[in-house]
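Before any comments, here is the structure.
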Amino acid sequence: MDDIAHNIERIQQRIDRAAQRANRDPKDVRLVAVSKTVDVDRIRQAISAGITILGENYVQEAKKKIELVGMDVHWHMVGHLQSNKARHAVKLFHMIHSLDSISLAQELNRRAKAAGRTVKVLVQVNLSDEYTKSGVSPDDVEKFLIPLIPLAHVRVRGLMCMPTFFNEPERVRPFFKALRELRDRLNKIKLPGIELKELSMGMSGDFEVAIEEGATLVRVGTAIFGSRS
Ligand SMILES: *Cc1c(COP(=O)(O)O)cnc(C)c1O
Numbered sequence: 003m004d005d006i007a008h009n010i011e012r013i014q015q016r017i018d019r020a021a022q023r024a025n026r027d028p029k030d031v032r033l034v035a036v037s038k039t040v041d042v043d044r045i046r047q048a049i050s051a052g053i054t055i056l057g058e059n060y061v062q063e064a065k066k067k068i069e070l071v072g073m074d075v076h077w078h079m080v081g082h083l084q085s086n087k088a089r090h091a092v093k094l095f096h097m098i099h100s101l102d103s104i105s106l107a108q109e110l111n112r113r114a115k116a117a118g119r120t121v122k123v124l125v126q127v128n129l130s131d132e133y134t135k136s137g138v139s140p141d142d143v144e145k146f147l148i149p150l151i152p153l154a155h156v157r158v159r160g161l162m163c164m165p166t167f168f169n170e171p172e173r174v175r176p177f178f179k180a181l182r183e184l185r186d187r188l189n190k191i192k193l194p195g196i197e198l199k200e201l202s203m204g205m206s207g208d209f210e211v212a213i214e215e216g217a218t219l220v221r222v223g224t225a226i227f228g229s230r231s
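Quick note: the sequence shown uses this note's numbering, first residue 3, plus one each step.
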């Protein structure tokens, strides 16, 4: 078995065990293989080993790979998305994890409508405002969701976070917990047409803790493909 297949098998076992520890069904946790900088051959190996969702950070890079690999697998945009890339993004990605501005949502809506599609999005929440400047502050998410309600071609499915200290799992646990609590609180408000099911949280260093705290999508790069140069 090659490295990538071996890594995926190990990670899948760790996912299953983390879910079981939290009395969750492992099937409710989906593995997103983050393939930024990874070449198409290795992406194909990952797909052969059972990967069904790939995560990319840059639209141009993703576009080239998707042309070669195809869309039988699902492609998720996990990196920051600029509005001027929305036209490509709505055609390439099954889900965008990084919605962080109303103007981006409006542009995605306009482009998805023109392409005859709807696009699934997660709102990126900035819980720690240290690692990245992107993301909506937790106090503002409810207000942020209101203007998204009438956008018929943008479906808000959940929340995403990328806290600091991702190599110290116990230090990030409170952030993962906070994201879950925020999601549950927002769902209680019952905004029309908005059901926040997904929690995209956890990376190579901390995905097990994220699963224990409720992650439904874990974004794992290095632990699958090895370190990026
Ligand atoms: C690169 C990246 C990941 C994967 O990180 P690893 O530590 O390599 O698992 C996850 N999410 C986002 C947004 C990323 O940019």
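Each residue gets a CB set at the ideal place from its N, CA and C atoms; glycine is no exception.
For clarity, every value in this text was computed on a predicted model and none was experimentally measured.
Exercise. Alpha carbon to alpha carbon, how far is residue 198 from residue 209?
Worked result: Cα to Cα, the separation comes out at about 20 Å.
Exercise. So is the beta-carbon of residue 206 under 7 Å away from any non-hydrogen atom of ligand 1?
Worked result: Taking 7 Å as the cut-off, the C-beta of residue 206 counts as close to a heavy atom of ligand 1.
Problem set entry | ligand 1 heavy atom lying under 7 Å from the CB of residue 9 | Not so, every heavy atom of ligand 1 lies at least 7 Å from the Cβ.
For this session: Give the DSSP-derived three-state secondary structure of residue 126 in the structure shown.
Result: Three-state DSSP puts residue 126 in a strand.
Problem set entry | Inter-residue CB distance, residue 111 and residue 156 (contact presumed, cutoff 8 Å) | Rounded, the Cβ-Cβ distance is 5 Å, consistent with contact.
Exercise. Out of 100, 88 and 94, which has the shortest C-alpha to C-alpha gap to residue 108?
Worked result: Taking only the C-alpha atoms, the option nearest residue 108 is 88.
Problem set entry | Beta-carbon spacing of residue 53, residue 71 below 8 Å | Going by C-beta atoms, residue 53 is not nearer than 8 Å to residue 71.
Exercise. Nearest to residue 41 by CA position, among 29, 32, 33 and 56, is which residue?
Worked result: When only C-alpha atoms are compared, the closest one is 56.
For this session: Please classify residue 34: does DSSP put it in a helix, a strand, or coil?
Result: DSSP, reduced to helix, strand and coil, places residue 34 within a strand of the structure shown.
Exercise. Is residue 90 helix, strand or coil by DSSP?
Worked result: Here residue 90 sits in helix by DSSP.
For this session: Decide yes or no for the touch test of the segment 99-106 against the segment 119-132: beta carbon pairs closer than 8 Å, at least 3 of them.
Result: The answer is yes - the segment 119-132 touches the segment 99-106, with three or more Cβ pairs under 8 Å.
Exercise. Does at least one heavy atom of ligand 1 sit under 7 Å from the Cβ of residue 164?
Worked result: Residue 164 Cβ: within cutoff of ligand 1.
Problem set entry | Extent of the continuous alpha helix (DSSP H) run through residue 50 | Going by DSSP, residue 50 is part of the alpha helix (DSSP H) stretching over 42-50.
For this session: Can you tell me which of the three DSSP states residue 119 falls into?
Result: Assignment of residue 119 by DSSP, reduced to helix, strand and coil, places it in the coil class.
Exercise. Looking only at its own chain, which residues have a Cβ that is under 6 Å from the Cβ of residue 62, when we skip the five neighbours before and after it?
Worked result: There are no such residues.
Exercise. Would DSSP call residue 99 helix, strand or coil?
Worked result: Residue state, collapsed to three classes: strand.
Exercise. With burial defined as no fewer than 16 other Cβ atoms inside 10 Å of the residue's Cβ, what is the status of residue 223: buried or exposed?
Worked result: Counting C-beta atoms within 10 angstroms of its own C-beta, residue 223 has 16 or more neighbours from the protein chains shown and is therefore classed as buried.
For this session: Count the other C-beta atoms from every protein chain shown that fall within 10 angstroms of the C-beta of residue 186, then say buried if there are 16 or more, exposed otherwise.
Result: Residue 186 should be labelled exposed.
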